[in-house]
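A.B. asks: Take this structure first; my questions come after.
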Amino acid sequence: MAMKKLSEDLIRQLKEKFFIDLKKVDSFESLEALKILYLGRKGEIRKLFHQLKDIDDIDERKRYGEILNSIVVEIEEILEKEFKRFKKDKEEYSFSLLEMSLPSANFQIGKIHPLQKVYNEIIEIFSYLGFDIQEGPEIEFEDYNFTMLNIPDDHPARDMQDTLYLNLPKTDKGKILLRTHTSPVQIRLMLSKKPPIKSIMPGRVFRNENLDATHSFNFHQVEGLVVDKNIKLSDLKGTLIYFVRLMFYEDIVCKFRQSYFPFTEPSLELDIQCLVCKGSGCSVCKYSGFVEILGCGMVHPQVLYNVGLGYEEYTGFAFGLGVERVTMLKYRIDNMRLFYENDLRFIKQF
Ligand code: FA5
1 MAMKKLSEDL IRQLKEKFFI DLKKVDSFES LEALKILYLG RKGEIRKLFH QLKDIDDIDE
61 RKRYGEILNS IVVEIEEILE KEFKRFKKDK EEYSFSLLEM SLPSANFQIG KIHPLQKVYN
121 EIIEIFSYLG FDIQEGPEIE FEDYNFTMLN IPDDHPARDM QDTLYLNLPK TDKGKILLRT
181 HTSPVQIRLM LSKKPPIKSI MPGRVFRNEN LDATHSFNFH QVEGLVVDKN IKLSDLKGTL
241 IYFVRLMFYE DIVCKFRQSY FPFTEPSLEL DIQCLVCKGS GCSVCKYSGF VEILGCGMVH
301 PQVLYNVGLG YEEYTGFAFG LGVERVTMLK YRIDNMRLFY ENDLRFIKQF
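Residues in the sequence shown are numbered from 1 upward in steps of one, following my numbering.
Take a look at the structure:
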């Protein structure tokens, strides 16, 4: 576009435009941009200076030169004032953000919760032993939580775990409930996968129980399941003893005790010597010197049958480990309630 011929009118228009642009400036940065636009090497005023050479009359050229110089001085003065104003604002603003004399805020740095630490460690140990990790839902069907685990409707074993049912319509897989243990994940796994199976299934479980020093209504379990040809009780015992040694230490005292679960036969429980009192008796071990950490056994043939696996071809073992109990023993914690209070003074000790 052709440049308009230099005239006093053109100079006045440029000045007016400058004042309009100045009104739009709202930051130090936009003021800098304005300065470049008008006073820069390729700026609006420089362009007018370039036109001086086209004026033949020397006096006229001199007069326009003086007018342009005075405009440059005027704009520079205005910009300088504006720069000072924005600079002051900027300094005051950054000063208010960085008040060096103020004492620093007392930031609380979090720590990994001891339950999470032990949970991770359990998963690590079983992964090392070749187990893969599976998960299942916390809201479960009655059939998977009970019936297919060989606990029919009228079976007294349903009373072993006080159940929290959801107020939802009954489905073709029975009522809907909060799982009382991680064992229903066994059923889901065996329904979806053929042996060999070698998995752990960590997760949260819920029971209608009161919170006390060694029980909670919402705790964590790690389920284990191995199904293949020729799996024996000695495989179960060997695996769990190896786990306990890695989790605690070499010479930990532990014992298998006969028990009953409808979904395993034979059934056992594993007790380890109470590390809170070193076996001398305390409230954690109920003065017995031992704490039960898990239930286990050989998968009941009826359970294999329920999921469509030939119980003559396959055998398996399963276990369900209480993460809270293991953590209490590992860190000598004498009250389960401490896990759920989220008191940093407690959590920071681990
Ligand atoms: C069961 O839940 C079985 N499903 C375990 C099982 C799995 C047996 C596979 C055989 C084969 P039990 O109710 O005993 O069993 O719980 C297992 C472990 O969870 C216990 O040994 C204990 O460590 C922990 N536990 C049980 N009840 C609570 C509770 N209220 N609070 C905290 N931990 C608990």
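Built from N, CA and C at the ideal position, the CB exists for glycine as well.
(1) Any heavy atom of ligand 1 within a distance shorter than 8 Å of the CB on residue 186?
(2) Would you decide whether residue 386 is buried or exposed? Buried here means 16 or more other CB atoms lie within 10 Å of its CB.
(3) Report whether the distance from the Cβ of residue 289 to the nearest heavy atom of ligand 1 is below 8 Å.
(4) Roughly how many angstroms separate the alpha carbons of residue 168 and residue 138, rounded to a whole number?
(5) How many angstroms separate the CA atom of residue 217 from the CA atom of residue 162?
(6) The alpha helix (DSSP H) that contains residue 51, what's its start and end?
(7) Since residue 366 is in the alpha helix (DSSP H), which residue starts that stretch and which ends it?
(8) Whose C-beta lies closer than 7 Å to the C-beta of residue 5 among residues of the same chain, with five residues either side of it excluded?
(9) By DSSP, does residue 266 sit in helix, in strand, or in coil?
(10) I'd like the ranges of any beta strand (DSSP E) spanning at least 3 consecutive residues and lying wholly in the segment 178-258.
(11) State whether the segment 61-77 contacts the segment 8-17, with contact taken as three or more CB pairs (one from each stretch) at a distance under 8 Å.
(12) Which two residues bound the contiguous beta strand (DSSP E) that contains residue 327?
(13) Can you check whether the CB of residue 238 is closer than 9 Å to the CB of residue 319?
(14) Going along the chain, which residues of its own chain have a beta-carbon closer than 8 Å to the beta-carbon of residue 39, five neighbours each way excluded?
(15) Below 8 Å on the Cβ atoms is my contact criterion, and I expect residue 118 with residue 348 to pass it. Report the Cβ-Cβ distance as a whole number of Å.
C.D. replies: For this structure:
(1) Checking the Cβ of residue 186 against ligand 1 gives yes.
(2) Beyond the ends of the chain as shown, which are 1 and 350, falls residue 386; an answer cannot be given.
(3) no
(4) 15 Å
(5) 9 Å
(6) Element bounds for residue 51: n/a, residue is neither H nor E.
(7) A question about residue 366 goes unanswered here, because the residues of the chain that appear run from 1 up to 350.
(8) Excluding residues within five positions, none has a Cβ falling inside 7 Å.
(9) strand
(10) 197-206 and 218-228
(11) As far as the Cβ criterion goes, the segment 61-77 touches the segment 8-17, which means the pair count is three or higher.
(12) Looking at the DSSP string, residue 327 is not in any beta strand (DSSP E); the run it does join, the alpha helix (DSSP H), is 323-330.
(13) no
(14) 45, 46, 72, 75, 76 and 79
(15) Not confirmed; about 16 Å, so no contact.
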